[in-house]
Structure formats: C-alpha cells, structure tokens
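Remarks on the structure that follows.
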Amino acid sequence: FFTFAALLAAAWLACAPKPGVLCALALGSSLGLAILCKGHIPLLLVLAALAAEAARRRAFDMRKTLLFVAALAVAAAVTAPWVCAVSARLPEGLHTLLREASGGQGEEMGHVQSDRYKFYFEQLLFGLLPWTPLLLVAWPMAAKRLKRQRRAHPAPLSLPELLERFLCWAFVLGFVGFYLFPKQQIYYLLPILPPLALCAGAALARLNQ
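Add 141 to the 1-based position in the sequence shown for the numbering used here, that's all there is to it.
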C-alpha cells in the first residue's frame, strides 16, 4: 500500500507540469512508511521509475529536484525515530537487518526457487486469470491503436498518458529487478501489482473504445 502510494506521488512529481509541496509531503511520508515495512526495496522501486522517466523526458527541472530532495528528507524524518529506537535497544539489530536485506542468509531462508527462470512468469500468468488471455490480446491492440492515433494526430502525451507510462515503467523495472534477484517468492511481487492493475485497466479501456 505505502509503496504504491509513493509510486503515485512520484508519478505526479515526475509528470505534472508544476507539482507542489503536498506532492513532496505525500511522496516522503508514504516512502518513509514503505521503508519501515519493507526496508530498501520501496526506495529502489521509486528511484528506478524516477530515473527512467528523467532519462526519457529530461524533464527534471530545479523545482522538481528540490521537491524530491524535500521528499527524501521527510522520508528520513519518518524512519529516523524507529532506527534510533532499534539502535538504542538492540545495537546489533540494524546490522542483522541489513545483512538479511542484502541476501547474506544465502539459501537458508528457503526463498530460492528451483525453476526461478520461469517462476515469476507463471505466477503472473496464472495469478491474473481469468483476465490473462484478454490482456495478452488487449495490450498489443491498445499499443497499435495508440501508435496509429499518434501517427494521424501528432501531439504531446496528456498527463494521464504520462502517468500511465510512468506506472508501466515502474512495473517493468520492478519486475526485472525481482526477476534478477536470486531469492524469489510470490509475495515479493505485491508492490508492483497495483501499477500493473492500473496499466491493464488503461489497456482494456482502449480496447473497449
């Protein structure tokens, strides 16, 4: 929940012409709470999506950069009290958490799948049933329709289209990151399912049109 809230706030920060202070507060607070839930993973997901958008559009001006720095400061303020409390009560606690987060426990945690190269693909294909066949048809058709519209009427992408593209990149980059990581579990995919759901809804809407 908090990771998706952070992704939505990051999408607005990256795509809106003039995001405001509330955007930075939303991004910082949701990102901080997400970090408390799942460590560094939410931060990596948000940073990857923002970096991809900045590289594609080169649209990160000084205003957006300052808002992003402010968001990181808010996230740090949200997480700092917990980090300080853990350090005071359990001096080795943070070291243990960091070691586990970096994969230091190896295969002892039982998260390495024997079929890891197809594990996540199977989970998504079967997990999205009964919509999987429709989506496999809808996405190429929707992309073809959008390309045809752009060719007939060249115009800049609208804000909803920019937000959709940002969330699509967030899902793709997140999936690639989880796929390359040796440890795999079904629930690892949970943070990137909401962006996938919204992108799927957009594709189905275009198919319906």
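C-beta: ideal position from N, C-alpha, C; glycine also.
Do residue j and residue i have their beta-carbon atoms positioned less than 8 angstroms apart in this structure?
i: Pro-183; j: Leu-168; result: no
i: Ala-283; j: Ala-218; result: no
i: Ala-147; j: Glu-194; result: no
i: Leu-339; j: Ala-279; result: no
i: Val-224; j: Ser-170; result: no
i: Leu-231; j: Gly-180; result: no
i: Leu-330; j: Tyr-258; result: no
Below 8 angstroms CB to CB, which residues in the same chain sit around residue i once its five sequence neighbours on both sides are set aside?
i: Ile-333; result: Leu-186, Ala-311, Phe-312, Gly-315, Phe-316 and Phe-319
i: Phe-145; result: Pro-332, Pro-335 and Pro-336
Which value, in whole angstroms, describes the spacing of the CA atoms of residue i and residue j?
i: Phe-322; j: Ile-176; result: 19 angstroms
i: Leu-275; j: Gly-161; result: 38 angstroms
i: Pro-158; j: Ala-150; result: 14 angstroms
i: Phe-201; j: Leu-300; result: 15 angstroms
i: Leu-191; j: His-236; result: 29 angstroms
i: Phe-209; j: Ala-196; result: 16 angstroms
i: Arg-306; j: Ser-228; result: 40 angstroms
i: Glu-233; j: Glu-263; result: 39 angstroms
i: Lys-285; j: Leu-265; result: 23 angstroms
i: Leu-277; j: Ala-341; result: 10 angstroms
By Cβ distance below 7 angstroms, which residues in the same chain neighbour residue i in space, the five residues on each side in sequence not counted?
i: Gly-245; result: Caution is warranted here: a pLDDT of 49 is assigned to Gly-245, below 50, making its placement in the model unreliable, and the coordinate value is therefore given only provisionally. Excluding sequence neighbours, Gly-245 sits near nothing in its chain.
Just confirm the distance between the C-beta atoms of residue i and residue j, as a whole number of angstroms; I'd bet it's less than 8 angstroms.
i: Gln-254; j: Gln-325; result: 5 angstroms
i: Leu-308; j: Ala-152; result: 6 angstroms
Under 8 angstroms between C-beta atoms, does residue i make it to chain B?
i: Phe-201; result: No chain B is present in this structure, which holds just one protein chain.
Residues in the same chain with beta-carbon distance under 6 angstroms from residue i, minus the five sequence neighbours each way, listed in chain order, please.
i: Ala-189; result: Leu-314
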